[in-house]
Amino acid sequence: MLPTSSDPQFLAGVNALWQGIVDDNPQEAMPFFFPESAYKQVKAIANPPADYQNRLIGFYTLDIHAAHRLLGAGAKDAKLVGVSVPAQQAQWIPPGGEQNKLSYYRVYGARLTYTEGGKTKSFGLFSLISWRGEWYVVHLGPNPRPKPVGAVYQPRG
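Count along the sequence shown starting at 1, add 9, and that's the number in the numbering used here.
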């Protein structure tokens with residue numbers, strides 16, 4: 010089943026992500042990140058737990074900090090407007106498609122919109138994937154990357 014972007018659990022996750030960015034606290038944003046228990050089941054790679062912690066969580070943490078820096082001194086006054094997920098662009102990824110042993114939906118092109126200083130701004134959520142009917146961030150910033158630095162994907166405004 011293709012997840013929706015109007016589901017209360019999804020919206021709670023988006024709010025958690027936003028609060029984590031505003032507060033510069035990646036731990037607050039974890040409810041919207043793809044669960045480790047799911048990653049262990051989905052991926053067909055050597056040592057999924059290490060990859061999850063070192064690469065995925067590592068980049069997510071760096072990207073939360075980068076998004077906070079993007080907000081700058083006005084972070085506490087910035088207001089979340091919403092998130093758009095281009096569901097029509099979602100793709101069903103079969104087993105073996107992305108080093109995975111289970112299938113899921115993946116979508117590129119989601120955007121988080123906010124206001125800051127009277128201006129509407131946004132940035133991309135590089136990749137969302139589904140688990141049990143819900144969307145989760147798996148890559149907040151661009152993936153892959155040449156080096157471990159935080160990045161905000163396609164900021165606008």
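Beta carbons are placed, not taken as given, at the ideal position from N, Cα and C, and that holds for glycine.
None of these values were measured; they are calculated from a predicted model.
Going by beta carbons, A99 and L11 fall inside the 9 Å limit. Closest in C-alpha terms to A160, from the list I54, Q28, G67, P44, comes G67.
The residue from T122, W101, Q28 with its alpha-carbon nearest to that of W140 is W101. Assigned with DSSP and collapsed to three states, R165 falls in strand.
Around the Cβ of D16, a 10 Å sphere holds fewer than 16 other Cβ atoms; the residue is exposed. Comparing C-alpha distances from D86 to each of N34, P151, Q36, G126 shows the shortest one belongs to G126. Here the C-alpha atom of M39 lies approximately 13 Å from the C-alpha atom of Y61. Residue range 119-125 is occupied by the beta strand (DSSP E) that includes A119. Its Cα nearest to that of Y145, the residue V94 stands out among Q28, V94, Y123, R165.
In chain order, P12, D16, Q18, F19 place their CB closer than 7 Å to the CB of E143, counting only its own chain and leaving out the 5 sequence neighbours on each side.
When DSSP reads this structure, Q100 sits in a beta bridge with R115. Within the same chain, Cβ atoms closer than 6 Å to the Cβ of W27 are found at L89, the five residues on either side in sequence being excluded. Apart from the 5 residues on each side of it in sequence, H74 sits with its Cβ closer than 8 Å to the Cβ of D33, P35, G159 in its chain, given in chain order. A47 is positioned such that its CB atom lies no closer than 9 Å to that of E37. Counting along the chain, G67 sits inside the alpha helix (DSSP H) bounded by residues 67-80.
When only Cα atoms are considered, S112 and E45 end up about 16 Å apart.
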